[in-house]
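There are 2 protein chains.
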Amino acid sequence: MERSSIPKATLGRIPRYLTFLKELPLDTVRHISATTISKALNLGEVQVRKDLAMISGAGRPRLGYETEVLIEQLEDCLGYNKLTFAVLVGAGRLGRALLQYDGFEHFGVKIKAAFDSNEQVINLDSKTEILPMNQFELYCKENDISLGIITVGEGSAQVVCDQMVNSGITAIWNFAPCKLQIPDGILLQNENLALSLAHLRNQLSHSGVMLNNKL
Amino acid sequence: MERSSIPKATLGRIPRYLTFLKELPLDTVRHISATTISKALNLGEVQVRKDLAMISGAGRPRLGYETEVLIEQLEDCLGYNKLTFAVLVGAGRLGRALLQYDGFEHFGVKIKAAFDSNEQVINLDSKTEILPMNQFELYCKENDISLGIITVGEGSAQVVCDQMVNSGITAIWNFAPCKLQIPDGILLQNENLALSLAHLRNQLSHSGVMLNNKL
């Protein structure tokens, strides 16, 4: 590890920092302090200070951060200058919802292509190409794909995962509700939507608010 | 708060506990220990002990838990005996992907209906009815809806959120990439898919594995 990765909450604030900083007249506001940023964005100063320290180190006493340098470092964090290329396998509803979603590129990820074993969805009303699975391995190798998104069902997820690993993919975002076996050195992030909902429901049933609603 | 809510990781293990326990011959296996469960499921004993303590209290020394009682308590946690009714607003691709998803009922949530302001999607190939927004408030009140899922765009999310609160909904699962203003006493869980992906990408770029892939 070169340096530790940035926590999710911090990553989530970076777009707000960038929006604010990029609107400043850079020729006059050459330096900016964490205090100024925190006030402008109505965020806690300690939080902003911590976020910026993680991304850019300590600012200079009294001066703060060099505005242009800070912008560059924040953009680097989001991969602005180096898009990560991803593929998605499983072009069902969830898969196609993700393909249609515009937000990923703001965070440095571009889904270059999707794959499906069902010929009926190949190139079905999608702005991203949907290709047949037999082109998967070659495509990944030729296009420097490092990130794979799994949106197939539970039954095919491990097979797809193995194909991704064999194709040089080193980070996997898995939406299938199952535990995948991966070799060392591969990053895996499981997204269990049902579990998120279960968590909310469970909080609801323990918060007492339900009583007010006779449920 | 009656008691604190159950952590997400614990909730995620409950279906595995239940599957195992329900396959036991209950007339002979009247009691079961955390040790037995942890070995059978290949989980850490400390983890299983903690999970069960949270859900069922301490087991009896040497005997463990009464199997049938434990099954009931685990089912209660997942809301098996008391489904929570939800509605979804925004029947675009993501919304319809969630409607089609089968996993929610295993966790005690039933999406009873979906709503959309676009008449073209009303009742479009979905197993759940999709109704026009003008029926929203009445429907929620008449059907004891306590949980609302927001899958509209950023621009409409706050309006939808306010309508939910006015209709007696007390827990909101928000997929729109924006910060919602909610009154006290309402539970809000934000699901930011782009941020999850950004987090994975960020880990990837700091793990050094990318270097091996010339990306």
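Same order as they appear, the protein sequences are chains G and X.
Counted the way the working numbering counts, the first sequence spans residues 92 to 306.
Counted the way the working numbering counts, the second sequence spans residues 92 to 306.
Virtual Cβ for every residue (Gly too), placed ideally from N, Cα, C.
Go ahead and pull the three-state DSSP assignment for G:Glu295. The residue you asked about is not Glu; residue 295 of chain G is Leu in the sequence shown. Residue state, collapsed to three classes: helix.
Where does G:Val300 fall in DSSP's three states? Bear in mind that the predicted position of G:Val300 carries a pLDDT of just 46, short of 50, making it too unreliable to give a figure here.
For X:Lys201, the residue or residues it bridges with in DSSP: X:Phe176
From the beta carbon of X:Ser147, is the nearest beta carbon of chain G less than 8 Å away? no
What are the boundary residues of the beta strand (DSSP E) that X:Leu222 is part of? Ile221 to Pro223
Endpoints, the alpha helix (DSSP H) within which X:Asn265 is located: First-last for X:Asn265: Ala262 to Asn265, but that is the beta strand (DSSP E), not the alpha helix (DSSP H).
For X:Ile273 and X:Ile241, I'd like the C-alpha separation in whole angstroms. 13 Å
Rounded to a whole number of angstroms, what is the C-alpha to C-alpha distance between X:Val137 and X:Ala144? 10 Å
Own chain residues within Cβ distance below 6 Å of G:Leu238, not counting five before or after: Thr175, Ala177 and Ala262
For the alpha helix (DSSP H) that G:Leu143 lies in, which residues bound it at each end? Glu136 to Ser147
Given this structure, state the Cα-to-Cα distance separating X:Leu302 from X:Leu295, to the nearest angstrom. Residue placement at X:Leu302 is poorly supported in this model, since its pLDDT is 38, which falls under 50; the coordinates are not used for a value here.
Host alpha helix (DSSP H) of G:Asn257 (start-end): Glu245 to Asn257
Sort G:Ser129, G:Gly103, G:Ile277 and G:Glu233 by Cα distance to G:Phe195 and report the nearest one. G:Gly103
Here's the rule I'm using: 16 or more other beta-carbon atoms within 10 Å means buried, otherwise exposed. How should G:Leu288 be labelled? buried
Report the three-state DSSP secondary structure of X:Leu238 (helix, strand or coil). strand
How big is the Cα-Cα spacing for G:Lys203 and G:Phe111? 30 Å
By the criterion of Cβ-Cβ separation under 9 Å, what are the contact partners of G:Gln280 in chain X? Ser287, Leu288, His290, Leu291 and Gln294
Per DSSP, which residues does X:Asp275 bridge with? Please list them. Paired residue(s): none; X:Asp275 is not in a bridge.
Contacting residues, own chain, Cβ-Cβ under 7 Å from X:Cys269 (five flanking each side not counted): Glu245 and Ala248
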